[in-house]
Structure formats: structure tokens, C-alpha cells
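Below is one structure, written out as C-alpha cells, with a few remarks after it.
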Amino acid sequence: LSEAIRILGRNAPDSTACSSQKADMAMKRSSIPMASASGVRRLIEISDTLPPHLLKYLEEDRCINLEKAMPFLRCISYEVRGLHYQAIGFANQSGGYELRDNGSFKGTIAPKDITPVFTDKITDRMKSVCVFEGFMDFLSFLSMKEEIISHCLVMNSVSNVARSIRYLNDRQVSSIRTFLDNDEAGRRATEDFMEAGFKVDDMSVHYRNFKDLNEYHIHRVREQQKSLSLTMTQTQTNPIKVKQVKHKMR
1 LSEAIRILGR NAPDSTACSS QKADMAMKRS SIPMASASGV RRLIEISDTL
51 PPHLLKYLEE DRCINLEKAM PFLRCISYEV RGLHYQAIGF ANQSGGYELR
101 DNGSFKGTIA PKDITPVFTD KITDRMKSVC VFEGFMDFLS FLSMKEEIIS
151 HCLVMNSVSN VARSIRYLND RQVSSIRTFL DNDEAGRRAT EDFMEAGFKV
201 DDMSVHYRNF KDLNEYHIHR VREQQKSLSL TMTQTQTNPI KVKQVKHKMR
């Protein structure tokens, strides 16, 4: 395993996190009408079950471990100009949702806010908090680790850096690990945390050749799949070669 994997997870799971999966998609919905702040996007339904096309997007395109991810996700049905849509929803601490579909759409059901994911009660000896720019990176982190022992905070946008700093300061957190994007905005956000007095472990150096943590995770899973496929091919072809050698020796 690479140094990055040793840091990101104690034991890396196998490549089955990106395999196809069939699920029973009986939708269980509750109707909650709500208008967005702009009056354009209207929330219609929230469901605990994602439809097949969104599950496929998460598992096959983003290589997300569904078993680990689903407790944090909802299916958000909404309406825009009379047209109905469904998106993956990731809740924030104020009751709003970050939205993502299986295409290029990214949106928000207001209010926009951060999402703290703390695994147990706050203690004076709290370990470093892992800070993520978006929820897809957080889900990648979940998929890469056998178990989550760290507190996590998803900013849901680099525009929420100041809000994240206030939240961490209120809980007397002094040390963080940042898993932000390898772009100017990500670097600026990391600097903001440092300037605010946090001891920052910038984890982006371990995926410096990739746009973000999810892109690195996808690359890693694809490489695992190629290696597994090659091993299986060799295993299948070797018995044939052995038979050919025995035949020549007769």
C-alpha cells in the first residue's frame, strides 16, 4: 500500500466497492412541500431509498461503498418550473441539503450550512478532526477505511470556511486534517485554517496528482480492478500452458 493509503485507512477494502449491485428499490417517501429561498426549486419528497440510476452513479461512477454511504444520504425529489427531478441529498446541520444527480448538476436546498459528523461525544482529548470540502470526498473517505475513528466535518463549500472555523473553535478543536481540492480555492481554505491557529495536516499532498480525494479514490479502485482481472486471467491461462508442456514431453 502507498503512504497515502496507510494514512487514509488502516486496511484498504477490496475493489468490490465499485462492482455492480442489484437492490430492492421499493420507495418509501414522505411528502414535505417546501419552497427554496429563491422560489425556483420546490422540495416535494424526501426518501431514505435512492433510485437505481443514482445508486449506479454512486457505486460505478464514483466508486462509493453504498453500505457505508447510505446512512448519510437521502433521495430528494424536487420541482423546477413544473418539471420533477430526483437527486442525492446530503443533509447539513441546519436542515438544508446538498444535492447531486448522476450528471453535472450540483445544487442546494436552503439553508446552506456545514455538516459535522462526530462519531462520539466531544472530549478534551479529541483527535484531529477530518475536514472535507464536499460530501463526495467524505463518502470516498468512508469507502477507503474499514472503520471511522475520527470526527469529520464537511464544509459543503469553501465559502463555509469561516463558519467551519467558528464551529471548531466553539468546541475547542486545535488540530485538523484537511482533505480539500488541489486547486487555488482548496489551498486558500487550508491557509485560512492555519491562519486561524489550527494545527493543520494537509492531506491533499497524498493525492497531489488528482483533482480531489474522490478522483484519487476512483483511480485507486480502477487499478485494483485491473490487477484483479489480470490475476484472474493468468490463473485461467496457466493450466492450459501446463497441459501443453506435458503434451510436448510425452
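Residue numbers are given in full-length UniProt numbering: position 129 of the sequence shown equals residue 129, and the series is strictly consecutive.
Just so you know, even glycine gets a beta-carbon here, dropped at the ideal spot from N, CA and C.
From a predicted model like this one, the values you see are computed outputs, not experimental measurements.
What do you get for residue i, buried or exposed, if any count of 16 or more other CB atoms within 10 angstroms of its CB means buried?
| i | result |
| --- | --- |
| Ser143 | buried |
| Gly197 | exposed |
| Thr115 | buried |
| Glu184 | exposed |
| Arg177 | buried |
| Ser77 | buried |
| Ser175 | exposed |
| Leu58 | buried |
| Leu153 | buried |
| Gly96 | buried |
| Val221 | buried |
| Ser2 | Per-residue confidence for Ser2 stands at a pLDDT of 41, beneath the threshold of 50, marking its modelled position as unreliable; no derived number is given. |
| Asp113 | buried |
| Thr233 | exposed |
| Leu55 | buried |
| Thr190 | buried |
| Gln236 | exposed |
Just to confirm before moving on: does the CB-CB distance between residue i and residue j stay below 8 Å?
| i | j | result |
| --- | --- | --- |
| Asp90 | Phe135 | Correcting the residue identity first, residue 90 is Phe in this sequence and not Asp. Closer than 8 Å, so yes. |
| Val158 | Gly186 | yes |
| Met155 | Phe141 | no |
| Ile165 | Phe193 | yes |
Among the options, which has the Cα closest to the Cα of residue i?
| i | options | result |
| --- | --- | --- |
| Leu139 | Leu73, Leu54, Leu228 and Thr235 | Leu73 |
| Leu180 | Val173, Ser174 and Arg188 | Arg188 |
| His217 | Asp183, Arg62, Gln172 and Glu195 | Arg62 |
| His53 | Glu79, Gln225, Tyr85 and Arg177 | Tyr85 |
| Lys127 | Arg171, Asn209 and Met155 | Arg171 |
| Leu43 | Leu66, Pro111, Ile64 and Lys68 | Pro111 |
| Asn92 | Asn160, Leu83 and Phe210 | Asn160 |
| Glu146 | Arg163, Gln236 and Ala69 | Ala69 |
| Ile88 | Arg81, Ser227, Ile46 and Gly82 | Ile46 |
| Glu195 | Met203, Gln236, Gln224 and Ala162 | Ala162 |
| Ile64 | His219, Lys211, Val80 and Leu83 | His219 |
| Ser94 | Val80, Ile109 and Phe105 | Ile109 |
| Pro71 | Lys211, Asp48 and Leu83 | Asp48 |
So, under 8 Å CB-CB, residue i and residue j are touching, yes? Tell me the CB distance rounded to an integer number of Å.
| i | j | result |
| --- | --- | --- |
| residue 255 | Leu213 | Nothing about residue 255 can be read from this structure; the chain reaches only from 1 to 250. |
| Cys75 | Leu50 | 5 Å |
| Asn169 | Arg208 | That belief does not hold up - the Cβ atoms of Asn169 and Arg208 are roughly 29 Å apart, past 8 Å. |
| Gly107 | Arg41 | 7 Å |
| Val173 | Val200 | No, Val173 and Val200 are not in contact; Cβ-Cβ is about 11 Å, not under 8 Å. |
Can you check DSSP and say which residues form a bridge with residue i?
| i | result |
| --- | --- |
| Thr115 | Val154 |
| Arg81 | Per DSSP, none; premise fails for Arg81. |
| Val129 | Ile176 |
| Ile64 | Paired residue(s): none; Ile64 is not in a bridge. |
| Thr231 | DSSP lists no partner for Thr231. |
| Gln86 | Ser77 |
| Leu99 | Gly89 and Gly107 |
| Asn199 | The amino acid at residue 199 is misidentified as Asn; the sequence shows Lys. For Lys199, which the question treats as bridged, DSSP gives the partners Ser175. |
Can you find a CB in chain E that lies within less than 8 Å of the CB of residue i?
| i | result |
| --- | --- |
| Arg171 | Chain labels in this structure do not include chain E; a single protein chain is all it has. |
Quick one: does the C-beta of residue i sit closer than 7 Å to a heavy atom of the ligand NAD?
| i | result |
| --- | --- |
| Asn102 | As far as ligands go, the structure on display features none, and thus does not contain the ligand NAD. |
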